[in-house]
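Participant: Protein chains in written order, with the working numbering: chain A, 758 to 1276; chain B, 758 to 1276.
Each residue gets a CB set at the ideal place from its N, CA and C atoms; glycine is no exception.
Can you keep this structure in mind? I'll have questions shortly.
Number of protein chains: 2
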Amino acid sequence: MNILGMFCVRSWPGLVGFRSCVRSLHAFPGITVTQIDEEVAKLLELKAQLGDDGKQQFVLKTAKGTRDYNPKQMAIREKVFNTIISCFKRHGAETIDTPVFELKETLTGKYGEDSKLIYDLKDQGGELLSLRYDLTVPFARYLAMNKITNIKRYHIAKVYRRDNPAMTRGRYREFYQCDFDIAGQYDAMIPDAECLKIVHEILSELGLGDFRIKVNDRRILDGMFAVCGVPDDKFRTICSTVDKLDKMPWEEVKKEMVNEKGLSEEAADQIGEYVSMQGGMDLAERLLQDHKMSQSKQACAGLTDIKMLFSYLQIFQVTDKVVFDLSLARGLDYYTGIIYEAVLTQAGVAAVSNEAQNGANAEESVSVGSVAGGGRYDGLVGMFDPKGRKVPCVGVSIGIERIFSIMEQKAEASAEKIRTTEVQVMVASAQKNLLEERLRLVTELWNAGIKAEVMYKKNPKLLSQLQHCEESGIPLVAILGEQELKDEVVKLRVVATREEVDISRADLIQEIMKRTSKA
Amino acid sequence: MNILGMFCVRSWPGLVGFRSCVRSLHAFPGITVTQIDEEVAKLLELKAQLGDDGKQQFVLKTAKGTRDYNPKQMAIREKVFNTIISCFKRHGAETIDTPVFELKETLTGKYGEDSKLIYDLKDQGGELLSLRYDLTVPFARYLAMNKITNIKRYHIAKVYRRDNPAMTRGRYREFYQCDFDIAGQYDAMIPDAECLKIVHEILSELGLGDFRIKVNDRRILDGMFAVCGVPDDKFRTICSTVDKLDKMPWEEVKKEMVNEKGLSEEAADQIGEYVSMQGGMDLAERLLQDHKMSQSKQACAGLTDIKMLFSYLQIFQVTDKVVFDLSLARGLDYYTGIIYEAVLTQAGVAAVSNEAQNGANAEESVSVGSVAGGGRYDGLVGMFDPKGRKVPCVGVSIGIERIFSIMEQKAEASAEKIRTTEVQVMVASAQKNLLEERLRLVTELWNAGIKAEVMYKKNPKLLSQLQHCEESGIPLVAILGEQELKDEVVKLRVVATREEVDISRADLIQEIMKRTSKA
């Protein structure tokens, strides 16, 4: 680590910065001549980069792993968010927001190995802060801080992970999460089933193609590990290995268990048998009779809940997409019960993430990866409560970035043009010196609540005004000329058909409203 | 500065962290015994805070200067955003989004003295990053990076300033900005006038009480400084002092000019005469005839534009609120032409920020501070373009946090209850063992797009179900019982009137839609 670099070269804003930097060296008596030489070399390098005229050359880019959203992407994003938010509201959720950064210690010890991916803020004097890694931990902090024991809330916001993302797969260091969670002490499996109903509704409405929702339970996994002879202290690490089954074939997963994690071959084979099982309520019933599995109290509790969950899912009419899958593990530490994950299965969208297919096992080859996931986490809020009081929670997170990617690809492929504005009328003129008349008319329209535009030129050409309408999908043009002003009419042109009709100025607003209310 | 603190005590996550911390001390040969003793003392203090069982005690709080939004605040926020976004869309704006952090160098040299308020991210290897300080600089970076020369866009997002905010005044370190900007080479003052029209529409629609929009021009300020005898190199610093006129009386501002900035008393007095002037188009005309002011070409250009601006504002029907005010300076460096700022003038809301009133001069005492501001910045995009190509821009930023505060206060004071959900129907039961029937009915409602809720209990009490409706403002209850199931009806209860009526199950959805469409 370079001590000097932290306050000197890297924060160097120019010559003034250089001077104060050199002065501050005296505060560090342990610095060697070699270190100073190195710093001087770096400063001279920076100076060279400034070029002849001393004008700083900017690197014109966004930070690694991040992107801007252009207006087209924003239009798609708005559409997707509207679908998701409507669903959350239909299920009676409130919404909250939390700051983008938390005290560092709030995030500490919540994400296991992934903690190394947390972005920290620089210590500029004051508190040590980190960017949020997900919305679940801030939610738990919010509940504990405000002593809330019951809430159904959604939260849509960006989270941050210093991953090495493959951006072509729709993965970024800054990305949105759309979370829906139900906190409170309730009867078993009712809120859990509603979360799955919500995933079903959202994925159906977005029209992304066929999907499947895998369900499992952490207690079943733990019970399975116990009866297969996995030592207690290896549950978590073996669970992480099982979690790789959606990306690696069983042979490789087994190899990792035996060679890297030191599990016996026999135990691994027994796990292998279980994790190949998929089914519905019937599978849960069968496993409750399984001579080995039934020895674990934990597994039995989980299996009984899976049965109950499926009975509610039948009522919710969503069992067509839900499968009880013993290979589902999910990475995060804080899950304590039901876990689930939704994957798209349609071959048509497989191209979106075909990179993810490399090394995928045959059974999973139609999947394009997770688009939603979640589970029950009954212990997290208690970690924040001074007295450890628990607030049971279950929730789901919609993998919105992957959904954006798919929707963008669909939009590209489709002939339909995406509008990035909602303008209904362009106020135009074919003649000169009518700027003030155009401004007068557009004011009338704005004041009536009509979405309208006018070109910011004194004498724009009619062609360029019409072209702008074609390009941005504006359906109507209100054309003014000397004759129209004299006759107290406006020529209303339908851009699509080029049909033109004179409308009395007094009727114009109503006519525009009538014509655009259909759209 | 504490060198050790940067990698040792402050990032200390537990005993493991402590061990690696001590090892890393060897990497810093210049550390003294005293420094080590200090660090050890800090570690022991931290250990003491952990308590008996070694369980870490969390500080349950959000980072300094930040806050959570609870569901009520979010409901207000949504309403305000909807008003603002509708206005932006009515004026034909697209929207974009940019990452929350930018390369540090993107922000360097854009904010003058305020640069010290920028949040930097910790150097964790890789690029040096900073949280965005406003939305204008990222917008300019976006334009230059994508070679965009024409766009009308809005951007609503959080920005970050390491200020020492007075939070009671509705000022935070994390806060929203709502920006609308028009980029492009257009005829003078047309987009500028539209920005003022937008401010007028938004503040009128939000119903915050009376307001005033002050307008000035950087060129008029510079011209005024020149003719009053301010040396060229003192324009910016004197401009900053003028900017304090909304918080300090003229006497103090003058004192700062003379005593701190070294201006002659005569020059200060001449400035004092000008900055007390307010008016409309007439004032611009008078100043164009002013024997001193008319000597400055810059001032004349600005005054001519102010005249043209007012002629467009007349057409836009907003001159009732706009005043040409020579004391308006605005802090940011990048403005090059027209600048403006909207203030609320209603006495009724003055209480919201009465702290800001201390020391306010008599003329300004009814103002509660800025709720919108902006101006023309024709040089900013060029700072990012390798060839310095300019893209003229004008924009406005709505001071949304202050507006939130006022709306929250209004909501508190009002008898009307703010709903935090949109639930239309609660599916309830007075009898036991009807959970599955309730779930069946709520599924029907959800599938029909009705916003509905059910309690997550097997046998909830009717009273608690009704209470929940009262508390969260749910207008209807669909009550199921053995008799209703037999008769294939549902008892529909209106919460407000307690009136109940049996509705045939087949007609229920239509009946609910009919009853809730009015609301």
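(1) For Ala901 of chain B, which residues in chain A fall below 7 Å Cβ to Cβ?
(2) Mind checking which residues open and close the alpha helix (DSSP H) that includes Leu1040 of chain B?
(3) For Lys1214 of chain A and Lys1167 of chain A, what's the separation of their Cα atoms in angstroms?
(4) Taking buried to mean at least 16 other C-beta atoms within 10 Å of its own C-beta, is Gly822 of chain A buried or exposed?
(5) Output needed for Glu1013 of chain A: all residues of its chain with C-beta closer than 7 Å, excluding positions within five of it in sequence on either side, in chain order.
(6) Can you list, in chain order, the residues of its chain with a C-beta nearer than 6 Å to that of Gly1136 of chain B? Leave out the 5 residues immediately preceding and following it.
(7) List, in chain order, every chain A residue whose beta-carbon is nearer than 7 Å to that of Phe858 of chain B.
(8) Residues of chain A with a CB under 7 Å from the CB of Thr1061 of chain B: which are they?
(9) Of all the CB atoms in chain A, is at least one closer than 8 Å to the CB of Lys1214 of chain B?
(10) Got a sec? Which residues, its chain only, sit under 7 Å from Asp809 of chain B by beta carbon, not counting five neighbours each side?
(11) Comparing the C-beta of Glu1268 of chain B with each C-beta of chain A, is any distance below 8 Å?
(12) If you run the structure through DSSP and keep just helix, strand and coil, what is His912 of chain B?
(13) Please confirm whether Lys879 of chain A has its beta-carbon closer than 8 Å to some beta-carbon of chain B.
(14) Whose Cβ in chain B lies nearer than 8 Å to the Cβ of Phe968 of chain A?
(15) Which same chain residues, not among the five before or five after Leu1198 of chain A, have their C-beta less than 6 Å away from its C-beta?
(16) Indicate whether Phe858 of chain A and Leu878 of chain A have their beta-carbon atoms separated by less than 8 Å.
(17) Compute the beta-carbon to beta-carbon distance between Leu1040 of chain B and Cys1057 of chain B, rounded to the nearest angstrom, for a pair I have assumed lies under 8 Å.
(18) By the 10 Å Cβ neighbour count, where 16 or more other Cβ atoms means buried, how is Asn973 of chain B classified, buried or exposed?
(19) Roughly how many whole angstroms lie between the Cα atoms of Leu1066 of chain A and Met946 of chain A?
(20) With a CB to CB cut of under 6 Å and the five nearest residues on each side skipped, what residues in its chain are close to Asp871 of chain A?
(21) Am I right that Glu1194 of chain B and Leu1237 of chain B are in contact with their C-beta atoms under 8 Å? What's the rounded C-beta distance?
(22) Quick check on Lys849 of chain B - is its C-beta less than 8 Å from some C-beta in chain A?
(23) What in chain A is Cβ-close to Gly883 of chain B, meaning under 7 Å?
(24) Under 8 Å, with one C-beta from each stretch per pair, do the segment 896 to 906 of chain A and the segment 841 to 849 of chain A reach the 3-pair mark?
(25) In chain B, which residues lie with their C-beta within 9 Å of the C-beta of Tyr943 of chain A?
(26) Residues of chain B with CB closer than 7 Å to the CB of Arg1146 of chain A, please, in chain order.
(27) What residues are listed by DSSP as bridge partners for Ser1154 of chain A?
(28) Could you name the residues of chain B that Gly1206 of chain A contacts, counting a contact when the two beta carbons are closer than 8 Å?
(29) Along the chain, where does the alpha helix (DSSP H) that runs through Ile970 of chain B open and close?
(30) Given that a residue counts as buried once 16 or more other Cβ atoms are within 10 Å of its Cβ, and exposed if not, what is Met1164 of chain A?
(31) At what residue ranges does the segment 1220 to 1254 of chain B contain a whole run of the beta strand (DSSP E), taking only runs of 3 or more?
(32) Just mark Val1138 of chain B as buried or exposed, buried being the case when its beta carbon has 16 or more other beta carbons within 10 Å.
(33) Please state whether DSSP places Asp990 of chain B in a helix, a strand or coil.
(34) Between Glu1008 of chain B and Cys985 of chain B, what straight-line distance do the alpha-carbon atoms span, to the nearest angstrom?
(35) Whose Cβ in chain A lies nearer than 7 Å to the Cβ of Asn827 of chain B?
(36) Any beta-carbon of chain A closer than 8 Å to the one on Met1065 of chain B?
Facilitator: Let me lay it out:
(1) Leu817
(2) 1038 to 1046
(3) 37 Å
(4) buried
(5) Thr998
(6) Thr1093
(7) Ala820
(8) In chain order: nothing, as chain A lies at least about 15 Å away.
(9) yes
(10) Residue placement at Asp809 of chain B is flagged as unreliable, the pLDDT there being 43, under the threshold of 50; the coordinate-derived value follows with that caveat. Excluding residues within five positions, none has a Cβ falling inside 7 Å.
(11) no
(12) strand
(13) yes
(14) Near Phe968 of chain A there are no residues of chain B at all, since even the closest Cβ is about 18 Å away, more than 8 Å.
(15) Val1184
(16) yes
(17) Actually they do not touch by this definition, with Cβ atoms about 14 Å apart.
(18) buried
(19) 5 Å
(20) none
(21) 5 Å
(22) Residue identity check: residue 849 of chain B is Gly in the sequence provided, not Lys. So yes, Gly849 of chain B belongs to the interface.
(23) Lys821
(24) no
(25) Met1212, Tyr1213, Lys1214
(26) Result: empty, since nearest Cβ-Cβ is about 12 Å, beyond 7 Å.
(27) A:Asp936, A:Gly1130
(28) Arg847
(29) Careful: Ile970 of chain B lies outside any alpha helix (DSSP H), inside the beta strand (DSSP E) at 968 to 974.
(30) buried
(31) 1233 to 1237, 1246 to 1251
(32) buried
(33) helix
(34) 18 Å
(35) Ile853
(36) no
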